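Numbering (our numbering), first residue to last: 37 to 367.
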């Protein structure tokens with residue numbers, strides 16, 4: 037073995053330790069799972085490693101990915117948001133209606149984000165100030181927002197023909213879909229700010245022990261408003277992107293998106309009890325799930341098998357997380 041090869045061999049464990057430290061145990065496990073997926077599906081399908089297929093994977097993971105950013109924040113803070121799918125549908129319909137009235141794309145996205153933020157603030161107020169269980173509060177909001185979307189639209193879809201709006205969902209930059217650029221930029225921005233701002237530090241403090249955080253002088257209820265408002269805003273952006281991709285807004289859109297987001301967040305290492313989780317873990321989980329869904333289709337597995345597979349993945353992630361936490365508590 038020559039000197040250069042020997043140096044690479046000696047450095048590889050250090051590199052692996054650095055990667056594992058950055059990603060955490062769960063993130064590192066997801067990275068290994070991602071590599072295995074790439075190897076398995078590439079060997080089973082000749083169409084897997086193609087630019088068109090990777091573009092399809094990117095577009096498929098964007099909508100859930102954007103919404104998962106806010107969902108990660110809420111779950112780390114010890115909360116829960118089941119209303120995100122309904123917020124996505126309602127915000128998408130509002131954006132479509134406004135753009136069809138001749139308004140610009142900027143007005144459409146701003147109003148959509150404002151609607152998501154307001155719904156999030158309502159969730160945060162009910163949960164933080166009225167002390168209602170997050171599961172119950174956001175489940176009720178899910179029904180309210182989805183019901184209002186049906187009532188206002190009469191159950192009809194809103195078709196959008198504005199070419200500049202549809203370009204957001206279909207165009208590419210340097211061969212990468214614009215929506216993927218939006219998704220990655222948002223993830224990197226929030227990930228960069230999390231450890232450097234009160235927002236990020238208080239997410240973990242409140243999720244770990246809200247009573248201790250309150251005694252330390254943190255305004256827990258106010259920050260609960262912020263966390264849920266952020267979740268509603270990211271869900272609204274995901275709804276906007278949904279309509280830009282499909283060209284129509286429906287009151288029944290994004291049903292079940294809550295399950296996909298929760299699956300990604302929990303699989304990424306977040307704890308349902310709060311105080312634990314990483315955005316990078318959520319990102320890797322989204323990529324792993326998107327490639328899994330795409331690969332199953334390419335090798336001929338019926339699409340209706342995806343739901344039980346996702347359920348099994350979520351159940352396995354929860355069981356693994358509980359076992360990991362139990363062993364850590366005993367040590």
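Idealized CB from N, CA, C, for every residue including glycine.
Owing to the predicted nature of the structure, the values given are computational and were not obtained by experimental measurement.
Sheet register partners of residue 209 (DSSP bridge): Residue 209 pairs with 212.
Between the CA atoms of residue 120 and residue 10 - distance to the nearest angstrom: What is shown of the chain runs 37 to 367, which leaves residue 10 out entirely.
Would you be able to state if there are at least three C-beta pairs under 8 Å between the stretch 260-271 and the stretch 339-353? Contact between the stretch 339-353 and the stretch 260-271 is absent, because fewer than three Cβ pairs lie under 8 Å.
Rounded to whole angstroms, what's the CA-CA distance from residue 215 to residue 130? Just pull it up for me. It is roughly 19 Å from the alpha-carbon of residue 215 to the alpha-carbon of residue 130.
Distance between residue 66 and residue 298 (C-alpha atoms, nearest Å): Going from the Cα of residue 298 to the Cα of residue 66 covers about 16 Å.
By Cβ distance, which residues of its chain are closer than 6 Å to residue 329, with the 5 residues on each side in sequence left out? Residues of the same chain with a CB within less than 6 Å of the CB of residue 329, apart from the 5 flanking positions on each side, are 342 in chain order.
Who are the near neighbours of residue 135 in its chain, counting only those whose CB is closer than 7 Å to its CB and skipping five residues on each side? Hits under 7 Å: 141, 144, 196, 198 and 201.
Residue 147 classed as buried or exposed, judged by whether at least 16 other C-beta atoms fall within 10 angstroms: By the 16-neighbour rule on beta-carbons within 10 angstroms, residue 147 is buried.
Go through its chain and collect everything with a Cβ distance to residue 241's Cβ below 7 Å, but skip five positions before and after it. Closer than 7 Å at the Cβ level, and outside the excluded window around residue 241, lie 249 and 254.
What would DSSP say about residue 132, mapped onto helix, strand or coil? Residue 132: helix per DSSP, three-state reduction.
Quick check: the Cα distance between residue 186 and residue 285, rounded to an integer number of angstroms? As the crow flies, the alpha-carbon of residue 186 is around 11 Å from that of residue 285.
Please list, in chain order, all residues of the same chain as residue 78 whose beta carbon is under 7 Å from its beta carbon, the five residues on each side excluded. Answer for residue 78: 84 and 85, listed in chain order.
Within the 9 Å Cβ cut-off, does residue 277 reach chain C? Absent from the structure is chain C; it holds one protein chain and no more.
Inter-residue Cα distance where the pair is residue 287 and residue 113: Going from the Cα of residue 287 to the Cα of residue 113 covers about 30 Å.
Measure from the alpha carbon of residue 279 to the alpha carbon of each residue in 98, 265 and 318, then state which is nearest. Among 98, 265 and 318, the Cα nearest to that of residue 279 belongs to 98.
At which residue ranges does the stretch 248-277 contain complete beta strand (DSSP E) runs of 3 or more residues, listed in the order of the chain? Here no run is fully enclosed.
Do you know offhand how far residue 74's Cα is from residue 321's? Cα to Cα, the separation comes out at about 14 Å.
Residues that DSSP places opposite residue 284 in a beta bridge: DSSP output for residue 284 lists 195 as bridge partner(s).
Taking 9 Å as the cut-off, decide whether the C-beta atoms of residue 89 and residue 268 are in contact. Note that the C-beta distance between residue 89 and residue 268 is not below 9 Å.
Thinking C-beta only, is residue 111 closer than 9 Å to residue 275? No, these two residues do not count as a Cβ contact at 9 Å.
Enumerate in chain order the residues of its own chain whose CB-to-CB distance from residue 60 is below 7 Å, with the five nearest sequence positions on each side excluded. Residues of the same chain with a CB within less than 7 Å of the CB of residue 60, apart from the 5 flanking positions on each side, are 305, 314 and 317 in chain order.
Between the alpha carbons of residue 125 and residue 323, how many angstroms are there, rounded? When only Cα atoms are considered, residue 125 and residue 323 end up about 23 Å apart.
If we call anything under 9 Å between Cβ atoms a contact, is residue 300 one with residue 127? Inclusion of residue 300 and residue 127 in the CB contact set at 9 Å is not warranted, their separation being larger than that value.
Does the Cβ-Cβ distance between residue 107 and residue 326 come in under 9 Å? For residue 107 and residue 326, no; Cβs fall outside 9 Å.
Using alpha carbons as the reference points, say which of 332, 331 and 307 lies closest to residue 116. Nearest option by C-alpha distance: 307.
Does residue 219 pass the burial test, meaning 16 or more other C-beta atoms within 10 Å, or should it be called exposed? So residue 219 counts as buried.
Given a threshold of 16 other Cβ atoms within 10 Å of its Cβ, counted over all protein chains shown, does residue 213 qualify as buried or as exposed? It counts as buried.
Let me confirm a value: residue 109 is counted as buried when at least 16 other C-beta atoms fall within 10 Å, else exposed. Which label applies? It counts as buried.
Tell whether a beta-carbon distance below 9 Å holds between residue 331 and residue 76. Contact annotation: residue 331 and residue 76 have beta-carbon atoms nearer than 9 Å.
For a quick check, are the C-beta atoms of residue 173 and residue 162 less than 9 Å apart? With respect to the 9 Å criterion, residue 173 and residue 162 are classified as neighbours on the basis of their beta carbons.
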